[in-house]
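Structure, as structure tokens:
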Amino acid sequence: MKKIGVALSILILLAVLPVLAQEQSVDGAYACLNSQIANKTSESLSLEEAIFSTLALGSKSKLTDKIENEAGENCWPSSGCTIKDTAQALIAYDEINKATGDIESYLLTKNASANELTWYLQIDIEDHSTSTCNIKYDERDYQVQVQEDMTLSGGAGACLSLSSSGYWLQVSRNCHDKEFQISCDKSFITSLLYQKTGSDTIYVSSDTHSSAASGTNVETINSQCFKTSSTCNYEGSLWATIALQQTGYNVDNFLPYLLAFSEDYRDLFPASFLYIITSADDQYTEITNSQKQDGYWEAPGTEYNRFYDTALGLLSLQGTSSQEVETAKNYLLTIQTPEGCWNNNNIRDTAFLLYGGWGEKTIFSDEPDQSALGCVESGYYCEGPFACTDSGGEILNNLDCEGLQACCTVAPIIETCSELNGEVCAFGETCSGSTSPSSDGTCCLGICQTVQTQTECEINEGLCKSSCSSGEEESFYECEFISEVCCLEGEDKGGGGLWIWIIILVILIAIVVLGIIYKDKIKMWWRKRKSKDKGSSQGPPRGLPRGPPRRPSMGIPQRRPPIRRPPMMRYPAGSSSNKELDETLRKLKEMSE
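So our numbering is basically just the index in the sequence shown, starting at one, shifted up by 273.
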């Protein structure tokens with residue numbers, strides 16, 4: 274039993290060592306961020322650095338002083354308020370439980386109608402038969418006919434005209450604020466569709482309405498964005514929407530604009546924001562499929578950099594079982610600076626990565642006990658706000674979750690990948706179709722394919738970084754990005770890294786365990802070996818070997834042949850000593866199986 278206990282202890286230790294090493298690296302990143310902030314004055318910190326560091330470290334006087342000093346009238350920065358900066362400040366204040374009501378009010382004054390979209394009214398008859406429908410607006414009634422193929426005919430006034438396809442009624446831009454009442458002589462369904470002008474993509478509104486024959490459905494267009502001028506601000510609208518959703522507002526009216534214009538702003542990685550807002554599978558697919566092979570994210574023509582975009586990717590997937598999260602974390606822990614930060618000790622990027630990947634850590638906070646009561650500890654569930662309400666749950670704003678998740682009264686419904694009729698792709702594979710979150714991880718609903726693309730640096734077992742670490746050598750192999758260099762492990766590592774020592778320790782522990790378990794057998798074998806060696810060396814030599822045949826003498830006096838040292842005695846292959854050794858090894862093998 275003692276041997277089994279020792280073996281189990283060793284196995285547990287071997288499992289824990291990699292986790293401890295990862296935790297050490299993460300703790301080092303938080304400590305590095307705290308150190309970088311300590312080396313700066315409040316005045317020398319940027320507003321972005323103060324906001325994202327507050328998200329990662331909690332309330333620190335140097336950070337909150339900077340944010341407060343930069344404030345205008347409930348907006349940021351005072352030199353010229355922007356929607357993005359104000360929304361980010363709102364998220365930071367909400368994270369440390371400061372009052373946010375005035376900031377929310379400011380943002381709500383900046384919302385406006387998004388008139389850049391084309392809207393359509395769709396009417397479907399449930400049994401796909403012909404029907405006559407009445408549409409009422411501006412106190413007037415209009416008749417339209419629905420054919421078996423669901424095409425429409427008839428006039429619906431100045432606000433509604435037949436679309437080019439004939440399946441929908443296009444809503445005039447001058448009528449986006451009107452209410453449309455629809456009634457048909459058979460059971461029917463109505464919904465609103467929209468698209469960005471000039472785009473081929475049609476989006477269906479999340480709200481559909483159904484009624485029995487002679488019932489009435491009411492459809493109104495609600496499409497908003499955030500503006501500081503005459504046009505919508507897309508990036509500001511992304512941040513303001515998740516900030517207001519975080520503080521308990523219904524943000525459905527902002528989705529049409531954000532979804533329809535996402536194609537024009539791919540450099541901002543909009544899918545990460547949209548998945549936080551909607552928990553939709555198509556956004557999840559875009560996030561997981563856009564992860565680079567190394568494990569990071571970088572939007573096409575990104576407005577920022579791969580560190581910022583990776584933080585967005587991690588933030589959006591918080592609370593999921595996505596293996597892309599672990600892949601990204603493992604990648605990040607291999608490219609830390611010697612001090613433990615990222616991107617040449619960049620404060621904003623390091624703070625955002627920590628907040629997105631590992632959440633807030635208040636150990637360095639001036640007020641570590643000021644966080645709200647935990648959601649999970651109170652018996653509830655952390656999940657996306659949209660997913661919570663969609664499953665019939667209620668959001669509890671007084672209970673805290675990591676990142677931008679909401680505390681929900683009902684457990685999230687997460688199916689297994691097999692229930693979704695998909696498969697979880699193995700490491701080194703990518704999904705060729707759509708993906709969906711599952712309890713097993715990212716579930717591929719298409720086909721898992723082996724990833725073939727590798728940089729020249731990766732093919733030669735190198736790692737692309739902004740700069741090489743101690744113990745690495747810069748090589749001439751090409752990387753994907755011009756700003757990166759290829760780093761190879763140097764011949765002299767000066768004592769090696771933490772993993773080398775872990776491997777050595779594991780080997781030594783394994784040897785010691787084997788010695789403890791089989792110590793009696795080893796002692797017995799060693800004693801027999803020594804006794805046989807002594808016995809074989811006591812007898813006299815068997816005599817000199819016969820020399821080669823000699824030629825007849827040719828009149829030369831005979832000489833005594835020189836005495837040669839007898840050769841070393843060799844045991845035959847079947848000696849008793851080796852038989853005992855083989856028998857002992859055989860028994861050791863049987864005991865270990």
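Note that the Cβ used here is the ideal one computed from N, Cα and C, for glycine as well.
Buried versus exposed call for residue i [16 or more other C-beta atoms within 10 Å across all chains shown]
i	result
Trp799	exposed
Val417	buried
Asn873	The structure shown does not extend to residue 873, since the chain is modelled only from 274 through 866, so no value can be given for it.
Gln722	exposed
Gly701	exposed
Lys796	exposed
Thr314	exposed
Val649	exposed
Gly768	For Gly768, the pLDDT reaches just 41, beneath the cut-off of 50, and the residue's location in the model is therefore unreliable, although a value from the coordinates is still provided. So Gly768 ends up on the exposed side.
Ala624	buried
Tyr844	Residue confidence for Tyr844 is low, a pLDDT of 39 falling below 50, so the modelled location carries little weight and cannot support an answer.
Gln556	buried
Pro821	Bear in mind that a pLDDT of 44 at Pro821, under 50, signals an unreliable position, so the number given afterwards is only what the model happens to contain. Exposed, because fewer than 16 other Cβ atoms sit within 10 Å of the Cβ of Pro821.
Leu646	exposed
Asp582	buried
Ser545	buried
Ala387	buried
Asn384	buried
Gly812	At Gly812 the pLDDT is 49, less than 50, meaning the model places this residue with poor confidence; the figure from the coordinates comes in the next sentence. Exposed, since its Cβ has fewer than 16 Cβ neighbours within 10 Å.
Pro814	Confidence at Pro814 is low in this model, with a pLDDT of 44, below 50, so the placement of that residue should be treated as unreliable; the coordinate-derived value is given next. So Pro814 ends up on the exposed side.
Sub-8 Å separation of residue i and residue j beta-carbons
i	j	result
Tyr750	Gly735	yes
Ser739	Asn617	yes
Tyr654	Cys614	no
Asp713	Thr728	no
Leu363	Ala584	no
Glu452	Tyr410	yes
Thr373	Thr520	yes
Leu541	Ala572	yes
Lys469	Ser404	no
Asn342	Ile376	no
Cys462	Asp400	This sequence places Ile at residue 462; Cys is not what is there. In this structure, Asp400 does not lie closer than 8 Å to Ile462 by Cβ.
Val697	Cys674	no
Ser742	Leu761	no
Ser457	Cys432	Here the sequence assigns Cys to residue 457, which means Ser is not the residue at that position. No.
Trp512	Lys634	no
Gln591	Gln678	yes
Boundaries of the alpha helix (DSSP H) in which residue i is found, first to last residue
i	result
Leu363	Ile356 to Glu368
Leu328	Leu320 to Leu330
Pro685	Premise fails: Pro685 is in no alpha helix (DSSP H) and is neither H nor E.
Gly427	Premise fails: Gly427 is in no alpha helix (DSSP H) and is neither H nor E.
Span of the beta strand (DSSP E), counted from its first residue to its last, around residue i
i	result
Thr405	Ser404 to Tyr410
Ala542	Reading off the sequence, residue 542 comes out as Phe, not Ala. Careful: Phe542 lies outside any beta strand (DSSP E) and carries neither H nor E.
Ala699	Careful: Ala699 lies outside any beta strand (DSSP E) and carries neither H nor E.
Pro897	With the chain covering 274 to 866 only, the question about residue 897 has no answer from this structure.
Pick from the options that is closest to residue i, judged by C-alpha positions
i	options	result
Thr489	Pro710, Lys383, Ala323 and Asn407	Asn407
Cys759	Asn523, Asn733 and Ile775	Asn733
Ala553	Gly676, Thr723, Ala323 and Pro658	Pro658
Lys473	Ala533, Ala311 and Leu465	In the sequence on display, residue 473 carries Asp and not Lys. It is Ala533.
Ile560	Ser460, Ser709 and Tyr415	Ser709
Val299	His401, Pro611 and Val779	Pro611
Thr715	Ala699, Ser487 and Glu667	Ala699
Asp422	Glu667, Asp367, Ser402 and Ser436	Ser402
Tyr538	Asp525, Val785 and Gly509	Gly509
Val683	Ser651, Leu320 and Gly568	Ser651
Gln309	Leu781, Arg621, Gly666 and Ser705	Arg621
Gly430	Thr424, Ser437, Gln420 and Leu442	Leu442
Glu753	Glu746, Ser319 and Glu731	Glu731
Gln395	Glu576, Lys383, Asp414 and Gln420	Gln420
Ala365	Pro685, Tyr628 and Asn562	Tyr628
Any C-beta of chain D under 8 Å from that of residue i
i	result
Lys738	Absent from the structure is chain D; it holds one protein chain and no more.
task: Write down every uninterrupted run of the alpha helix (DSSP H) in the segment 583-619 whose length is 4 residues or greater and which is fully enclosed by it, in chain order.
output: 596-607
- request: Report the residue ranges of all beta strand (DSSP E) runs contained in full by the segment 479-527; include only those spanning at least 3 residues, in chain order.
  value: 490-493 and 497-499
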